[in-house]
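In my numbering, the protein residues as written are 399 to 627.
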Amino acid sequence: MQLQSPPSRFVGRGGEKLSAALDCFSLNPSGLRVLDAGASTGGFTDCLLQAGAREVVALDVGHSQLHQRIRTDPRVIVLERTNLRHVEPGSLGVCDAVVADLSFISLTQVMGVLLQCCSAGGWLVLLVKPQFEATRPETTLGKGVITDPLVWRSTLMRVIGSAHAHGAVLLGLNESPLRGSEGNLEFLLHLGKPGSDRMDSVEGKVTAETLVDALLLTQPKPRTETGQS
399 MQLQSPPSRF VGRGGEKLSA ALDCFSLNPS GLRVLDAGAS TGGFTDCLLQ AGAREVVALD
459 VGHSQLHQRI RTDPRVIVLE RTNLRHVEPG SLGVCDAVVA DLSFISLTQV MGVLLQCCSA
519 GGWLVLLVKP QFEATRPETT LGKGVITDPL VWRSTLMRVI GSAHAHGAVL LGLNESPLRG
579 SEGNLEFLLH LGKPGSDRMD SVEGKVTAET LVDALLLTQP KPRTETGQS
């Protein structure tokens, strides 16, 4: 007798990653307008819609990847062939929250745009992929798959440093429940954009070093799967 895997909840594996972040960081997108940067097949967007998001701007530099069910949902604004680095934040309208799952580009190159797209007092969840954040020597050592905790730490600190430089508040960090398609460990980063009493009150109370070191000390080993994000 063959055991069948349970049906997927989302159109892409990314949905499971974002769902874990929403649970871990106690975030509720219900009624919010959210930017999904790097929408790809639509896993993040699907997760947001199922969680009650009012509208999702699904942006991707590619095209023809978004699942048909997501593409035809009236709550989704599809922006294909759109390079995030060249986006004028005001052109997207006000977004209460921002999520991002980007590949082949460092988050540090688009951190400013991501923060500008988020309204004051809003939150961000960014999927940090060390293989796209590491320096060339760091990547060469791992042959594309980063397994050195010191490299994980340095990449996380660079991304968090970039977020701080653009005025973001560090609110949380956790490992993704799923690895990348090549087996890379990935991380879920929770940021806030100052502008509300809650965001302003936590500024400076959570240090990057504390969060990163505490997380890496656990030596997380999420399961490896293959497939699209």
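Quick reminder that beta carbons are idealized off the backbone N, C-alpha and C, glycines included.
For clarity, every value in this text was computed on a predicted model and none was experimentally measured.
Pairwise C-alpha distance: residue j and residue i
i: Leu524; j: Ser406; result: 22 Å
i: Gly412; j: Ser560; result: 24 Å
i: Arg483; j: Leu586; result: 21 Å
i: Glu414; j: Arg577; result: 11 Å
i: Leu631; j: Asn582; result: For the chain, the structure presents residues 399 to 627; residue 631 sits outside this window and is missing.
i: Arg534; j: Met509; result: 20 Å
i: Pro592; j: Gly519; result: 5 Å
i: Ser517; j: Val455; result: 14 Å
i: Leu416; j: Phe442; result: 6 Å
i: Arg621; j: Ala449; result: Residue placement at Arg621 is flagged as unreliable, the pLDDT there being 46, under the threshold of 50; the coordinate-derived value follows with that caveat. In a straight line, the C-alpha of Arg621 is about 25 Å away from that of Ala449.
i: Val549; j: Asp611; result: 12 Å
i: Ile544; j: Gln507; result: 20 Å
Beta-carbon spacing of residue i, residue j below 7 Å
i: Leu447; j: Leu477; result: no
i: Gly429; j: Ile468; result: no
i: Cys493; j: Arg452; result: no
i: Cys445; j: Pro487; result: no
i: Leu609; j: Leu571; result: yes
i: His461; j: Val409; result: no
Element boundaries [alpha helix (DSSP H), containing residue i]
i: Ile468; result: 466-469
i: Leu614; result: 606-615
i: Val511; result: 509-515
i: Glu414; result: 412-422
i: Asp444; result: 441-448
i: Glu531; result: 528-531
Residue interval of the beta strand (DSSP E) (run including residue i)
i: Ala566; result: Unbroken run through Ala566: none, as it is neither H nor E.
i: Lys590; result: Contrary to the premise, residue 590 reads as Gly rather than Lys in this sequence. Segment 585-590, the beta strand (DSSP E) holding Gly590.
i: Leu433; result: 431-435
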